[in-house]
Amino acid sequence: MGYKGIHLENSISVDRIYSIHYFEYMNNFAFEGESHNFWEFICVDKGEVNIMAGNNSIRLKKRQLLFHPPNEFHSVKATGDIAPNLVVISFYCSDDAMRFFKGRLFEIDETEHRLLAGIIAEAKRCFDCRLDDPYLQNMPCKEPDRFGAQQMIRLYLEQFLIHLIRRYSNPVTLQKALLSSDPIKTTKEKNEVQIFQQVVSYLEDNLSGHLTIEQICKDNMVGRSQLQKIFKKRSSLGIIEYYSHMKINAAKELIRTNQLNFTQISEHLGYTSIHYFSRQFKKTTGMTPSEYASSIKAMAEGSFSTEP
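Counted from 1, the sequence shown has number 290 at position 95 by the working numbering; the numbering is strictly sequential.
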């Protein structure tokens, strides 16, 4: 009996990547704008920004996404109140399916957010440059790069585009398909997710404190070993390390709003001293608070170094 193979058709094919960026902007940053003959989208991970898309002015908020079709002039400006984090990806795709994205505002779901995170992670393995320089026009590849990194970027991006089209074309049908295809979570798994979300919210509410594992367990009525196991499984970090990362991310946002000095930020986030704050900041980011602030300021002024 002879087998006949099936040629798999592509609905969307990304032929070329031009840029992959994850920006941490100052609250007063402004990019004057540009136009080019390929697609680009901007997604707000945190905060909000004002976007010019052709002649249209649009305010993008957290988890919102906007596509710029080829040759459309576009610019971005922080609102002045919040220091935003943005994902910006530009690419070439000539398929007719891309018409779906023209002139539409989207709000991404958890699946799409994970796909974007995957693209950023693979870009760090693939490209020999920083991903936070808005003036970088070429992304040199690492030699050698991580096996499969370029292909994974394309696959994640194509899946991201397909998922958006499916979800916005027929959201009810897609949701039913997801519910029927996903394995039913056990009671234990549901409980772990609930505990993780509960504790993360608790940590966010206590960023200015000096939490210990014992205090976290007591206030959330969860055992120490169970809590550590859940956080290792869900975040690959221990609970205190996760809490420390949350503090540093909050510190970075406060630095970018330019309203508090380092000592005030240190006190606001509950650090015992400015020196301990600086050590923890460098341990997490690879830069001191001063170096981070200088880097962000240079980026805002257009004098950002392209050296990784």
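Heads up, the beta-carbon is just placed ideally off N, CA and C, and yes, glycines get one too. Because the structure is a prediction, the values reported are computed rather than measured.
Run through the segment 287–355 for me and flag every whole alpha helix (DSSP H) of 4 or more residues, listed as ranges in chain order. 305–321
Please list, in chain order, all residues of the same chain as D210 whose beta carbon is under 6 Å from its beta carbon, the five residues on each side excluded. Y287
Going by CA-CA distance only, name the one from L352, I434 and G228 that's closest to Y330. G228
Note down, in chain order, each residue of its chain lying with its Cβ closer than 7 Å to the Cβ of Q516, except the 5 sequence neighbours on either side. Residue 516 lies beyond the range of the chain shown here (196 to 503); nothing can be said about it.
To the nearest angstrom, how far is the alpha carbon of P265 from that of K297? 10 Å
Please classify D290: is it buried, with 16 or more other beta-carbons within 10 angstroms of its beta-carbon, or exposed? exposed
Would you mind reading off the limits of the beta strand (DSSP E) that contains N251? N251 to K256
Taking 7 Å as the limit between beta carbons, can you name the residues of its chain near I357, skipping five residues before and five after? S206 and I207
Verify whether the separation of the beta carbon atoms of A318 and M334 is less than 9 Å. yes
Close beta carbons around A372, own chain, < 8 Å, minus the five adjacent residues each side: Reliability fails at A372, whose pLDDT of 47 lies under 50, so the model's placement of it is uncertain and the value that follows must be treated cautiously. Cβ neighbours of A372 beyond the five flanking positions: none.
What separation, rounded to the nearest whole angstrom, lies between the Cα atoms of L359 and C324? 29 Å
Helix, strand or coil at Q259 according to DSSP, with G and I counted as helix: strand
Since H463 is in the alpha helix (DSSP H), which residue starts that stretch and which ends it? F457 to H463
Bounding residues of the beta strand (DSSP E) (the contiguous stretch that carries D240): W234 to K241
Quick check on DSSP: helix, strand or coil for H440? helix
Segment limits, beta strand (DSSP E) that includes H269: H269 to A273
Looking at C-alpha atoms only, which residue of D340, T382 and Y438 is the closest neighbour of Q475? Y438
Own chain partners of S430 with C-beta closer than 7 Å, once the 5 adjacent residues on each side are dropped: Y437
Count the other C-beta atoms from every protein chain shown that fall within 10 angstroms of the C-beta of I460, then say buried if there are 16 or more, exposed otherwise. buried
N-terminal and C-terminal residue of the beta strand (DSSP E) that E229 is part of: A225 to E229
In whole angstroms, what separates the C-alpha of I348 from that of T452? 32 Å
Are L449 and L432 touching if we call contact CB-CB under 9 Å? no
Could you pull out every residue in the same chain whose Cβ sits closer than 8 Å to the Cβ of R419, ignoring the five residues on either side in sequence? I408, E409 and C412
Quick check on C336: buried or exposed, where buried means 16 or more other Cβ atoms within 10 Å of its Cβ? exposed
Within 10 angstroms of its Cβ, does R362 collect 16 or more other Cβ (buried), or is it exposed? buried
Nearest to S489 by CA position, among M221, L203 and G200, is which residue? M221
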